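Peer 1:
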Amino acid sequence: SQTIHQWPATLVQPVGSPLSLECTVEGTSNPNLYWYRQAAGRGLQLLFYSVGIGQISSEVPQNLSASRPQDRQFILSSKKLLLSDSGFYLCAWSGEASYGYTFGSGTRLTVV
Amino acid sequence: QKEVEQNSGPLSVPEGAIASLNCTYSDRGSQSFFWYRQYSGKSPELIMSIYSNGDKEDGRFTAQLNKASQYVSLLIRDSQPSDSATYLCAVKWWGFNKFYFGSGTKLNVKP
């Protein structure tokens, strides 16, 4: 069966510090991978998605970047965090068109 | 512009009642429809998917799709306090690799 791992679960970072969040998927090949952010009490905002190694589509211009160095690994990064980067970050994967997303357990980021 | 709309709620129903959650979307040609449940502080989990017009039942949950009217709904029968959560509607259109989410409807089931 397929599983998705996302870490860390919580993170408190000072403004201006770098960020690296990692997501890995097991049990499937060539998944579509996604990074979402959810501000407190708000909906899901798609940040990046990838349909293959090295292929990244950016949805919202911002302080973040994403990379896919391996088929089942998706990384979200920032060189300098802003207060507005605080939120709940979710990684997700999807397979064939008939399947919905499966989300990771999320990372709650607080920038102080 | 592809959009998915949901009433943010909260929708309050008494325990044992039927909860009805609605979602509309912006244009035709859509392919797949999904309902997710998100408990506070947790990640969304998939509870139902539907692809064809009509009803699809899974336990206490029924998804209804009407492509002509561009809406999809979720019925929860015999609502329980444990159903209290935010319900997210998602749509995937042909030719797009991403899903479009509504902002979610918060459901409160009162004992």
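Sequences listed follow chains A and B, in order.
For what it's worth, my numbering labels the leading residue of the first sequence as 1, then goes sequentially.
For what it's worth, my numbering labels the leading residue of the second sequence as 1, then goes sequentially.
The beta carbon of each residue, even a glycine, is placed where N, CA and C say it ideally should be.
For clarity, every value in this text was computed on a predicted model and none was experimentally measured.
In chain order, what residues of the same chain have a beta carbon less than 6 Å from the beta carbon of B/P10, not counting five sequence neighbours either side?
Peer 2: K106 and N108
Peer 1: Which residue comes first and which comes last in the beta strand (DSSP E) that contains A/P14?
Peer 2: Unbroken run through A/P14: none, as it is neither H nor E.
Peer 1: Measuring CA to CA, which of A/N32, A/S20 and A/S17 is closest to A/I4?
Peer 2: A/N32
Peer 1: Should A/P69 be labelled buried (16 or more other beta-carbon atoms within 10 Å of its own) or exposed?
Peer 2: Exposed.
Peer 1: Is there contact between the segment 28-43 of chain A and the segment 83-103 of chain A, where contact requires at least three CB pairs shorter than 8 Å?
Peer 2: yes
Peer 1: Could you name the residues that DSSP lists as bridge partners for B/D58?
Peer 2: B/F61
Peer 1: Using Cβ-Cβ distances below 8 Å, what residues of the segment 11-38 of chain B are close to chain A?
Peer 2: Q31, S32, F34 and Y36
Peer 1: If you draw a straight line from the C-alpha of A/K80 to the C-alpha of A/D71, how long is it?
Peer 2: 27 Å
Peer 1: Examine the ligand FAD and report whether any of its heavy atoms sits within less than 6 Å of the Cβ of A/A40.
Peer 2: No copy of the ligand FAD appears in this structure; indeed no ligand is present at all.
Peer 1: Using C-beta distances below 7 Å, list every residue in its chain close to B/T24, excluding the 5 sequence neighbours before and after it, in chain order.
Peer 2: Only E5, Q70 and Y71 meet the Cβ criterion.
Peer 1: What are the uninterrupted segments assigned as beta strand (DSSP E) that are 3 or more residues long and contained completely in the segment 2-47 of chain B, given in chain order?
Peer 2: 4-6, 11-14, 19-25 and 30-38
Peer 1: On the DSSP bridge assignment, give the partners of B/I76 in chain order.
Peer 2: Per DSSP, B/A19 and B/F61.
Peer 1: For chain B, find out if any of its Cβ atoms is closer than 7 Å to the Cβ of A/L44; answer yes or no.
Peer 2: yes
Peer 1: In or out: A/G106 buried (at least 16 other Cβ within 10 Å) or exposed?
Peer 2: By the Cβ neighbour-count rule, A/G106 is buried, with 16 or more other Cβ atoms within 10 Å of its own.
Peer 1: Quick check: the segment 11-28 of chain A against the segment 58-68 of chain B, are at least 3 beta-carbon pairs closer than 8 Å?
Peer 2: no
Peer 1: Chain A beta carbons: is any one of them nearer than 7 Å to that of B/K106?
Peer 2: no
Peer 1: Which residues in chain B have a C-beta closer than 9 Å to the C-beta of A/L32? List them in chain order.
Peer 2: Note that residue 32 of chain A corresponds to Asn in the displayed sequence, not to Leu. The answer, in chain order, is N97 and K98.
Peer 1: Residue ranges of each beta strand (DSSP E) run of no fewer than 3 residues wholly in the segment 31-79 of chain A, ordered along the chain?
Peer 2: 32-38, 44-52, 55-58, 65-70 and 73-78
Peer 1: Taking the continuous beta strand (DSSP E) assigned at A/G87, which residues delimit it?
Peer 2: Secondary structure note for A/G87: its beta strand (DSSP E) is the uninterrupted segment G87 to S94.
Peer 1: Mind checking A/P18: buried by the 16 CB within 10 Å criterion, or exposed?
Peer 2: exposed
Peer 1: Distance check for A/L64 and B/L65, CA to CA, integer angstroms please.
Peer 2: Rounded to whole angstroms, B/L65 to A/L64 spans 37 Å at the Cα level.
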